[in-house]
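Note sheet for the following structure.
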Amino acid sequence: MKLLSFTEKGIYCPTGDFYIDPWQPVNQAVITHAHSDHARPGSSLYISHPLTKYLLQLRLGNNNYQTMEWGEVIHKNGVKISLHPAGHIIGSSQVRVEYNGEVWVVSGDYKTENDGISGELEIVKCDVFISESTFGLPIYRWKKQKEIQFNMQNWVLKNMEAGRNSVLIAYSLGKTQRILPFLNPVSSDIYVHGAIWNTQEALRMAGVQLPAVKRVTSDFQRGTIKSGVIIAPPGAEASSWVNRFEPYSLGICSGWMQVRGNVRRRNADAGFALSDHADWNGLLDVVKSTGAAKVFVTHGFQSSFSRYLNEIGIEAAEVKTAFGDELEEQSESQLGSEVN
Amino acid sequence: MKLFAELVSRLGTSTKTNDKLDALKDYFANADSKDKVWVIAIFSGRRPRRAVSASKLQEWCVELTGLPSWLFEESYHTVGDLAETIALLLLENESQGKSFPLHYYLEILIKIEKEDESVKKKFIVDAWSTMSYGERFVFNKLITGGFRIGVSQKLMVNALAKTISLNPSVIAHRISGNWDPVTISFSDLLSEQGISQDFSKPFPFYLAYALEENLDELGQPNEWIAEWKWDGIRGQVIKRSQQLFVWSRGEELVTEKFPEYAPLRNFLDDGTVMDGEIICLSNSQSDQIDFMPLPFGILQTRIGRKNISKKQLMEAPVGFIAYDMLEYEGSDMREKSLEERRTLLEKIIRSINQPFLRLSPLVEFNTWEELSKIRSHSREIGSEGIMLKRRNSAYQVGRKRGDWWKWKVDPLVIDAVMVYAQKGHGRRSNLYTDYTFAVKEGDKLVTFTKAYSGLTDKEFSEVDQFVKRNSLEKFGPVRTVKPELVFEIAFEGIAASSRHKSGIALRFPRINRWRKDKKPQEINTLEDLKKMLELYGK
Numbered sequence: 001m002k003l004l005s006f007t008e009k010g011i012y013c014p015t016g017d018f019y020i021d022p023w024q025p026v027n028q029a030v031i032t033h034a035h036s037d038h039a040r041p042g043s044s045l046y047i048s049h050p051l052t053k054y055l056l057q058l059r060l061g062n063n064n065y066q067t068m069e070w071g072e073v074i075h076k077n078g079v080k081i082s083l084h085p086a087g088h089i090i091g092s093s094q095v096r097v098e099y100n101g102e103v104w105v106v107s108g109d110y111k112t113e114n115d116g117i118s119g120e121l122e123i124v125k126c127d128v129f130i131s132e133s134t135f136g137l138p139i140y141r142w143k144k145q146k147e148i149q150f151n152m153q154n155w156v157l158k159n160m161e162a163g164r165n166s167v168l169i170a171y172s173l174g175k176t177q178r179i180l181p182f183l184n185p186v187s188s189d190i191y192v193h194g195a196i197w198n199t200q201e202a203l204r205m206a207g208v209q210l211p212a213v214k215r216v217t218s219d220f221q222r223g224t225i226k227s228g229v230i231i232a233p234p235g236a237e238a239s240s241w242v243n244r245f246e247p248y249s250l251g252i253c254s255g256w257m258q259v260r261g262n263v264r265r266r267n268a269d270a271g272f273a274l275s276d277h278a279d280w281n282g283l284l285d286v287v288k289s290t291g292a293a294k295v296f297v298t299h300g301f302q303s304s305f306s307r308y309l310n311e312i313g314i315e316a317a318e319v320k321t322a323f324g325d326e327l328e329e330q331s332e333s334q335l336g337s338e339v340n
Numbered sequence: 341m342k343l344f345a346e347l348v349s350r351l352g353t354s355t356k357t358n359d360k361l362d363a364l365k366d367y368f369a370n371a372d373s374k375d376k377v378w379v380i381a382i383f384s385g386r387r388p389r390r391a392v393s394a395s396k397l398q399e400w401c402v403e404l405t406g407l408p409s410w411l412f413e414e415s416y417h418t419v420g421d422l423a424e425t426i427a428l429l430l431l432e433n434e435s436q437g438k439s440f441p442l443h444y445y446l447e448i449l450i451k452i453e454k455e456d457e458s459v460k461k462k463f464i465v466d467a468w469s470t471m472s473y474g475e476r477f478v479f480n481k482l483i484t485g486g487f488r489i490g491v492s493q494k495l496m497v498n499a500l501a502k503t504i505s506l507n508p509s510v511i512a513h514r515i516s517g518n519w520d521p522v523t524i525s526f527s528d529l530l531s532e533q534g535i536s537q538d539f540s541k542p543f544p545f546y547l548a549y550a551l552e553e554n555l556d557e558l559g560q561p562n563e564w565i566a567e568w569k570w571d572g573i574r575g576q577v578i579k580r581s582q583q584l585f586v587w588s589r590g591e592e593l594v595t596e597k598f599p600e601y602a603p604l605r606n607f608l609d610d611g612t613v614m615d616g617e618i619i620c621l622s623n624s625q626s627d628q629i630d631f632m633p634l635p636f637g638i639l640q641t642r643i644g645r646k647n648i649s650k651k652q653l654m655e656a657p658v659g660f661i662a663y664d665m666l667e668y669e670g671s672d673m674r675e676k677s678l679e680e681r682r683t684l685l686e687k688i689i690r691s692i693n694q695p696f697l698r699l700s701p702l703v704e705f706n707t708w709e710e711l712s713k714i715r716s717h718s719r720e721i722g723s724e725g726i727m728l729k730r731r732n733s734a735y736q737v738g739r740k741r742g743d744w745w746k747w748k749v750d751p752l753v754i755d756a757v758m759v760y761a762q763k764g765h766g767r768r769s770n771l772y773t774d775y776t777f778a779v780k781e782g783d784k785l786v787t788f789t790k791a792y793s794g795l796t797d798k799e800f801s802e803v804d805q806f807v808k809r810n811s812l813e814k815f816g817p818v819r820t821v822k823p824e825l826v827f828e829i830a831f832e833g834i835a836a837s838s839r840h841k842s843g844i845a846l847r848f849p850r851i852n853r854w855r856k857d858k859k860p861q862e863i864n865t866l867e868d869l870k871k872m873l874e875l876y877g878k
């Protein structure tokens with residue numbers, strides 16, 4: 001019997017009888033991070049990093065939660081489980097599973113550059129590595145965070161000069177917290193969408209230090225701010241919600257902005273290819289560094305990335321999962337409309 | 341090159357016309373004047389011929405990066421733009437070398453067109469090794485062509501107008517026609533002498549928008565004239581200094597392609613410019629009209645050919661349907677009223693009296709309802725609808741609202757099911773937006789057309805999701821899809837074709853709407869298409 005197997009409900013450990021990021025309700029769910037495509041409702045027990053727990057409470061409400069610090073070990077039927085920083089978003093963790101000396105690691109989502117808020121990715125040696133591949137093509141090679149920060153600040157300053165607001169589209173959980181320290185030095189007028197406000201509050205409750213922001217309330221009038229910064233979740237840019245910030249320039253923060261066509265399709269004035277996922281080189285480095293003899297590649301460009309790994313001598317196979325960015329975006333914009 | 345790369349990047353980082361105008365203005369104010377000439381050339385469709393094939397660029401990129409070529413292909417299908425894919429894949433240079441101006445690269449590209457592959461390779465690879473990402477992108481784009489970055493010729497003309505304080509329509513005229521960016525200087529190109537020296541220059545075409553408003557809002561019917569709208573190529577016939585020039589709307593000189601027009605050199609007086617339709621014609625038996633246009637497909641056999649056989653001249657005889665008089669006895673007539681221009685045109689065409697030169701017939705009508713009824717018969721005489729022109733309208737520059745409208749007949753439509761999908765290009769990169777459709781033949785499906793446009797962005801992303809979840813097989817970039825989604829395909833014409841499995845070819849196919857209300861069993865049949873072919877395929 002394999003230590004982990006891929007089932008209809010998600011990644012399952014039959015010996016320990018628990019799932020990792022299941023997409024259907026189960027008895028015991030170990031959660032890598034709080035994005036909605038990895039943390040679904042309905043399970044009886046959620047095991048996660050303490051910072052993730054606060055976010056799960058916001059998204060999934062009251063449930064049975066159990067927390068583990070990074071490096072802390074628990075046992076389920078003799079299976080050793082521990083969490084290790086993944087560098088993706090605040091609280092994001094890889095899951096290490098060990099039984100009879102065999103080690104599997106489920107990466108969840110990860111990135112290699114230390115963003116200063118999510119913890120630095122830890123390389124966990126293992127026999128089998130289950131890796132994401134969201135940006136598993138060589139066209140995705142990120143610029144350094146510093147450079148993107150510089151570009152974004154310049155863009156905001158230019159908009160201010162022209163008397164325009166800067167509307168930035170960023171995931172409420174992860175990207176927003178990452179860009180806030182970029183924006184804080186250039187603007188004292190940072191507003192956020194309600195969905196982002198709620199996430200910020202949950203993080204504050206969890207004890208995370210964050211720059212102060214103001215909430216865009218439903219009675220927010222056009223003309224209230226003239227050269228401010230507004231952060232909104234994906235989807236908001238296509239709704240009438242943004243009209244109140246006219247005149248504004250639209251910037252989108254996402255790894256997908258690496259390709260010009262995506263910037264144009266979203267009708268953005270600027271695309272910042274700032275991602276919380278590893279780029280091509282990052283994925284390759286991590287996969288190699290784990291020393292894994294076998295790699296399972298999940299959501300993203302799994303067929304290309306696994307084929308390439310096989311060609312360079314690392315045994316790899318692709319696995320279909322229900323993880324993926326689309327779901328995340330959909331739920332963000334739905335959430336957006338509820339809270340306005 | 342740095343400045344040009346910066347221009348392209350600025351043009352790409354705003355959706356606002358004013359920002360783009362500013363970017364162009366700044367460029368024209370600061371750039372090297374030879375480079376400025378090239379920028380005008382590039383944004384008015386005068387890119388040099390492709391010196392290096394796309395497959396060679398790809399090959400060299402694969403060689404430099406050491407990536408397997410299948411991975412290059414995958415990347416290309418995701419990016420949807422070859423120039424950008426290469427720029428993204430090449431590793432950043434540690435240090436950047438000397439940057440040369442734009443014209444330096446373009447002139448070498450022209451020079452090496454006929455050289456050996458090794459010469460080309462050395463030039464390209466060396467250039468890449470000194471450039472930043474942005475420079476490589478524009479450099480590759482200059483080679484592969486298709487600079488679609490949201491800059492129209494009109495915008496470029498407006499920016500020039502602001503920079504050198506001239507009227508945009510004057511500039512549009514001065515940069516039209518035949519000039520070589522290698523030899524002409526910026527000041528000569530835009531000077532008045534330039535125009536008088538280059539007597540081949542066409543006038544900028546006046547283009548109509550599609551009619552959207554209610555006919556009643558156009559005012560009284562008697563303020564308007566109506567003509568048939570033809571499905572050929574818009575063209576200008578120019579006779580000046582004892583020479584004949586024929587220009588297509590794409591500002592391409594096509595005089596040699598259509599030897600039928602050669603006799604006009606003798607028939608027309610110097611200082612004559614006519615606007616009209618280049619189109620294949622035959623004599624007609626209809627009593628409504630004394631000529632009959634042949635389908636566009638027949639004209640297509642003539643486009644792109646320099647040497648024309650006798651057989652082609654017989655089978656695809658090209659004529660000219662004249663509808664406007666832009667220059668008469670050497671004077672620019674464009675400010676005169678359409679009525680005056682038309683009177684002169686009628687006089688000239690009658691006096692020449694040749695079967696290949698026809699006067700665009702007027703459609704007589706008294707009320708808008710009557711015209712609407714006449715329009716519904718457009719297809720029967722091989723026309724695609726009605727052109728409405730205000731009697732007192734001047735001949736303007738470019739696409740303008742108000743005085744000229746095109747009012748096309750409703751397209752032909754057919755319901756079909758999507759069977760293949762491929763990722764799109766440009767702003768549709770990494771989205772499945774290019775589809776192949778099939779109709780029924782018995783219990784089989786027969787593909788008959790592709791269509792790329794007609795859905796909203798939201799619908800495209802919905803279909804994209806469907807494709808990603810319902811692919812049956814993958815052949816390179818193409819996915820076969822569960823035949824489940826039904827679309828109404830609209831098209832302007834239909835012709836027999838031996839090249840297609842279905843035996844038919846459509847003109848301007850596009851998606852009219854997504855028939856979510858229809859099941860795949862309810863789509864049209866090949867028989868239905870064949871009936872349409874009989875009715876409208878001529």
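Residue numbers (our numbering), protein chains in the order written: chain A, 1 to 340; chain B, 341 to 878. Glycine included, every Cβ here is placed at the ideal spot set by N, Cα and C.
According to DSSP, residues forming a beta bridge with residue i
| i | result |
| --- | --- |
| B/Trp879 | Residue 879 of chain B lies beyond the range of chain B shown here (341 to 878); nothing can be said about it. |
| B/Ser622 | B/Met632 |
| B/Ala614 | One detail in the question is off: residue 614 of chain B reads as Met in this sequence, not Ala. B/Met614 is bridged to B/Val577, B/Met665. |
| A/Phe6 | A/Ile11 |
| A/Arg222 | According to DSSP, which records beta bridges pairwise, A/Arg222 is partnered with nothing at all. |
| B/Gly738 | B/Tyr546 |
Proximity test, Cβ basis, 8 Å: residue i and chain A
| i | result |
| --- | --- |
| B/Arg819 | no |
| B/Ser415 | yes |
| B/Gly766 | yes |
| B/Val658 | no |
| B/Leu866 | no |
| B/Thr425 | yes |
CB contact check: residue i to chain B, cutoff 8 Å
| i | result |
| --- | --- |
| A/Tyr171 | no |
| A/Ser337 | Confidence at A/Ser337 is low in this model, with a pLDDT of 34, below 50, so the placement of that residue should be treated as unreliable; the coordinate-derived value is given next. No, no contact with chain B. |
| A/Ala316 | no |
| A/Glu332 | For A/Glu332, the predicted structure reports a pLDDT of 42, less than 50, and the residue's modelled location is therefore unreliable. A value from the coordinates is still provided. Answer no: the Cβ-Cβ gap between A/Glu332 and chain B never drops below 8 Å. |
| A/Arg265 | yes |
| A/Asp325 | Because the pLDDT of A/Asp325 is 46, which lies under 50, any placement of that residue in the model is unreliable, and the number read from its coordinates should be weighed accordingly. By this cut-off, A/Asp325 is not an interface position. |
| A/Glu328 | The pLDDT assigned to A/Glu328 is 43, lower than 50, so where the model puts this residue is not dependable, and the model offers no usable value. |
| A/Asn340 | In this prediction, A/Asn340 has a pLDDT of 32, which is less than 50 and means its spatial position is unreliable; nothing more can be read from the coordinates. |
| A/Asn262 | yes |
| A/Asp285 | no |
| A/Asp269 | yes |
Presumed contact (8 Å Cβ cut-off) between residue i and residue j, rounded CB distance
| i | j | result |
| --- | --- | --- |
| A/Pro85 | A/Glu122 | 5 Å |
Member of the options whose CA lies at the smallest distance from the CA of residue i
| i | options | result |
| --- | --- | --- |
| A/Gly235 | A/Glu113, A/Glu120, A/Lys76, A/Gly251 | A/Gly251 |
| A/Thr176 | A/Ser107, A/Pro233, A/Glu237 | A/Pro233 |
| A/Lys214 | A/Ser239, A/Asn184, A/Ala206 | A/Asn184 |
| B/Ser671 | B/Asp609, B/Cys620, B/Arg690, B/Met654 | B/Asp609 |
| A/Val319 | A/Val30, A/Met1, A/Glu8 | A/Glu8 |
| B/Ala662 | B/Lys494, B/Asn554, B/Ile573, B/Met614 | B/Met614 |
| B/Tyr775 | B/Leu752, B/Phe800, B/Asp783 | B/Phe800 |
| A/Gly228 | A/Ile190, A/Asp219, A/Thr199 | A/Ile190 |
Residue i - containing beta strand (DSSP E), residue span
| i | result |
| --- | --- |
| B/Ser850 | The residue asked about is misnamed: residue 850 of chain B is Arg in this sequence, not Ser. Per DSSP, B/Arg850 belongs to the beta strand (DSSP E) from 850 to 854. |
| B/Gln583 | 583 to 588 |
| B/Asp774 | 772 to 781 |
Delimiting residues of the alpha helix (DSSP H) encompassing residue i
| i | result |
| --- | --- |
| B/Val478 | 473 to 484 |
| B/Thr353 | Per DSSP, B/Thr353 belongs to no alpha helix (DSSP H) and is neither H nor E. |
| A/Pro181 | 175 to 183 |
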